[in-house]
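Chains as they are written, first to last, in this note's numbering: chain V, 1 to 385; chain D, 386 to 745. Even for Gly, the Cβ is constructed at its ideal location relative to N, Cα and C.
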Amino acid sequence: MPEEDKALAAFRDELRSWLEANCPADMRDGRNDEASICWGGKNWTFASEAQRTWLQRCVSKGYTVPTWPIEYGGAGLSRDQEKVFHQEMRRLNARYPLQSFGIWMLGPALLHFGTHEQKLHYLPPIARGEIRWCQGYSEPGAGSDLANVQSRAEDKGDHWLVNGQKIWTSYADQADWIFALLRTDREAPKHKGISFILLDMTSPGVTTRPIKLISGASPFCETFFDNVEVPREQVVGEVNRGWDVAKYLLTHEREMISAAGGTMGSGRALGAVLAESGSTDTILRADAMRAEVDGLAVALTLERYKDQAEAGQGAGDASAMLKYMGTELNKRRLELVMAAGGSDALVWEDGRAPNWLRTKANSIEGGTSEVMLSIISKRVLGLPG
Amino acid sequence: MLADAARGFLDQAAPVAHLRGLRDAGQTQDRALWSEMAAMGWAGVLVPEDAGGSDMGHAAACALAGEMGRTLVTSPFLSTAVIAATALRQVSDARAAQSLARIARGEVTYALAIDEGAKFDPEATQMQARAEGNGFRLTGEKRFVVDGANADRLLVLARTDGGLTLFEIPADRDGITREAQAMIDSRDAARITLADVIATGEDVLGQVDDAMTVLAPALRAGQAALAAEMAGLAAGAFGMTVEYLKERKQFGVPIGAFQALQHRAAHLWCECEVTASAVLNAGRMLDEDPANAAMAVSLAKARATDTAQRAVQEGVQMHGGIGMTDAFDMGFYMKRARVAAEWLGDYGYHANIVAQARGF
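Written as structure tokens, this is what we have:
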């Protein structure tokens, strides 16, 4: 065995024993639904003692953000070690100890664009699950045309004065901080007058209002800024160059959304769903088989792009492909789950319907499927216009 | 690296015009081209080094097949260098080693004679290999024997008393009649009749009544390489289509400026990328964990079948009327995609294998 493989095998052995010794029994059910996720933050109430213990133990090893550098709260794992980490977590059917927009979106953007001071200040609390972030991107007049954001931050010397409205801010009512796209130059062309600014949600002038969705849940909010004062140094990247940060973060968001759909190898096989339902419908079976074939191939594609990317980097423009294929597939899967469930799945209490309805947002949030196709046709294929 | 070198060579030596030229001359293979490929180590890509091969593995064989797919190269590569070589490698005797050495040198070509009905189904084989003395007599008919009219030797699957047996025999043995079929993809496929053909124990590849120990790995290798060829074919057809979208003008603008066509093209690119992942995975699994590669191979063949057919249909549609003409190359892609879809198991055959592995 080459030295490199030996080192990886040793890492696997050590990790496996650590997980065996430290992952509480109640955290070994592989659940990843809304009721089981630990989001962290100041307002967080642990669902169980096991959830708290699991988070604390993982924090001590940097396993909430395994690929982040150790000085920012991670474990500094290489891509190969990261793969082993996920394999061993799956082997034990372990829940992920912490999930958040800080981990998925802001973290990668800060690691790429932040100053050393900003990284030291903002990243460790994300890794420890102490600060929960939300994303202030969309506005009523800036959906697919995101660069049209009108909420503004005026330069007042030592601080920014922020006014405006954001919409679809997921979990804004439970978040501690928000990363927002705000207009800092109203004269410049729309992409060139935006800054990426970090705000404390407890600042005077910030209010939120949940939006009730078709699933009955209210994960999304409206967020209002009314003369909010923000310290000057809370800009990431250069002033008026926030669109670069926004786009980079979006590639990570898109990968996150495409991976979250249970399309990965760990996702529940549709065969099992059908077998459980006792359905003998041959057309449903054929549709499910096609979806399974496509799902496995999409999962391999996610892995391939992660392997190709430099450590900590995203898939770039190709993330549009991962997002488009992953989310369209996820909608197909949940349609099949509902069909397999028949009238049993139509009762709210059953729990399948909210998941099914939730997937309908997958091909809208983070950039619609149509925006993804336009990105691909222009940036990847080089088609005109 | 290997793929780049292969592309450089094939763009010169075997663009689509090469296939068109063969077709117009009434031929299905170019032995001189195959000799050149053999000289580059392609014929021996799966032959061990001590038998004179380059032994580069299945991922490399798939990379070569992918490049051949891009320009629709017709050659004995899949039948001989992939399927027959993999079958022969399962047997460790001096004769098999000699045969492998001859494959690597490009001296001998093979065809796999399995199909008897219109669909791939090895287990349904009816051809009889009647025991007689120390040997057998084979009688029956094989259809859709790819490369069968030109091949020097045949791998024939037949039913023996206790199961299926794989025979390795010369294609000109007494009692064998080969009838070349005019195929839509302009390539070699034959209907082969065996009438009381004598086979000795020496002609059995592997063990009597146990064809699958030898044949199953060969089929998986062939299916993976064929999937790679189809993924390459899809990429080739797609590349032509995108270029056309940039060149062709209507309403005073390149038609690629229209969102309706942009989105169709972008979707097709996504499908091609996803299929490429499945093909790469199949080659890697065959090299690293062949005993557990069956699902990966079927996933690749199912996806590649689907994507290649989508790519050629979209290719014709987006080219408009010119896509329907024989003078334009897209039709060659469409016809090859249809034939490759059927060979070694169609979408449904392979999707079923994936489904079974996933608890259906």
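Classification of residue i by the beta-carbon crowding that lies within 10 angstroms, buried from 16 upward
i, result
"isoleucine 70 of chain V", "exposed"
"threonine 710 of chain D", "exposed"
"phenylalanine 462 of chain D", "buried"
"glycine 411 of chain D", "exposed"
"phenylalanine 636 of chain D", "exposed"
"threonine 585 of chain D", "exposed"
"glutamate 508 of chain D", "exposed"
"aspartate 435 of chain D", "exposed"
"threonine 397 of chain D", "One detail in the question is off: residue 397 of chain D reads as glutamine in this sequence, not threonine. Exposed, since its Cβ has fewer than 16 Cβ neighbours within 10 Å."
"asparagine 677 of chain D", "exposed"
"tryptophan 168 of chain V", "buried"
Cutoff 9 Å: residue i Cβ touching any chain D Cβ
i, result
"arginine 405 of chain V", "Outside the shown range of chain V (1 to 385) lies residue 405 of chain V, about which nothing can therefore be said."
"isoleucine 194 of chain V", "no"
"arginine 304 of chain V", "yes"
"isoleucine 211 of chain V", "no"
"lysine 83 of chain V", "no"
"glutamate 238 of chain V", "no"
"valine 230 of chain V", "no"
"serine 277 of chain V", "no"
"tyrosine 324 of chain V", "yes"
"valine 298 of chain V", "yes"
"valine 380 of chain V", "yes"
"alanine 272 of chain V", "yes"
"aspartate 226 of chain V", "no"
"leucine 250 of chain V", "no"
"methionine 264 of chain V", "Confidence at methionine 264 of chain V is low in this model, with a pLDDT of 37, below 50, so the placement of that residue should be treated as unreliable; the coordinate-derived value is given next. No - not a single Cβ of chain D is within 9 Å of the one on methionine 264 of chain V."
Backbone secondary structure at residue i - three-state DSSP
i, result
"phenylalanine 85 of chain V", "helix"
"valine 298 of chain V", "helix"
"glutamate 370 of chain V", "helix"
"proline 210 of chain V", "strand"
"glutamine 475 of chain D", "coil"
"glutamate 508 of chain D", "helix"
"glutamate 553 of chain D", "strand"
"aspartate 155 of chain V", "strand"
"glycine 265 of chain V", "In this predicted model, glycine 265 of chain V has a pLDDT of only 37, less than 50, meaning its place in the structure is not dependable; the value taken from the coordinates is given anyway. Coil."
"phenylalanine 623 of chain D", "helix"
"lysine 42 of chain V", "coil"
"lysine 119 of chain V", "helix"
"glutamine 746 of chain D", "Because chain D is modelled from 386 through 745, residue 746 of chain D falls outside the range shown and cannot be assessed."
"phenylalanine 521 of chain D", "strand"
Residues near residue i in its chain [Cβ-Cβ closer than 7 Å; skip 5 each side]
i, result
"valine 239 of chain V", "Thr184 and Ser195"
"proline 66 of chain V", "Gly74, Ala75, Leu77, Glu82 and Phe85"
"asparagine 355 of chain V", "Leu334"
"leucine 404 of chain D", "Leu457, Thr459, Ser571 and Phe717"
"leucine 346 of chain V", "Ala353"
"arginine 241 of chain V", "none"
"cysteine 23 of chain V", "Trp54, Leu92 and Ala94"
"aspartate 691 of chain D", "Tyr732"
"glycine 426 of chain D", "Ser439"
"lysine 190 of chain V", "Ala147 and Asn148"
"alanine 610 of chain D", "Ala446, Cys447, Ala450, Leu463 and Val467"
"methionine 719 of chain D", "Val697 and Val701"
"arginine 544 of chain D", "Thr510, Gln511, Met512, Gln513 and Ala514"
Close-in-space but distant-in-sequence residues of the same chain around residue i (CB under 8 Å, 5 per side omitted)
i, result
"glycine 390 of chain V", "Only positions 1 to 385 of chain V appear in this structure, which leaves residue 390 of chain V out of reach."
"alanine 498 of chain D", "Lys527, Val530, Gly533, Leu539, Leu540, Val541, Leu542 and Ile577"
"methionine 89 of chain V", "Leu19 and Tyr96"
"valine 228 of chain V", "Leu161, Val162, Asn163, Leu199, Ser203, Pro204, Gly205 and Val206"
Inter-residue CB distance, residue i and residue j (contact presumed, cutoff 8 Å)
i, j, result
"proline 555 of chain D", "threonine 471 of chain D", "Contact flag wrong, Cβ pair sits at about 20 Å."
"phenylalanine 505 of chain D", "glycine 730 of chain D", "5 Å"
"asparagine 107 of chain V", "isoleucine 126 of chain V", "It should be noted that the sequence gives glycine, not asparagine, for residue 107 of chain V. Yes, they are in contact, since the Cβ atoms of glycine 107 of chain V and isoleucine 126 of chain V sit about 6 Å apart, within 8 Å."
6 Å CB neighbourhood of residue i in its chain, flanking five on each side removed
i, result
"alanine 320 of chain V", "Met372, Ile375 and Ile376"
"serine 484 of chain D", "Leu473"
"alanine 679 of chain D", "none"
"alanine 742 of chain D", "Met680"
"glutamine 256 of chain V", "In the sequence on display, residue 256 of chain V carries methionine and not glutamine. Counting only Cβ-Cβ distances below 6 Å, and skipping sequence neighbours, we find Trp104."
"glutamate 233 of chain V", "none"
"arginine 669 of chain D", "Ala444"
"alanine 489 of chain D", "Ala428, Gly429, Val432, Gly437 and Gly438"
Residue i at chain V interface by Cβ criterion, 9 Å
i, result
"lysine 631 of chain D", "yes"
"leucine 665 of chain D", "yes"
"leucine 729 of chain D", "no"
"asparagine 737 of chain D", "yes"
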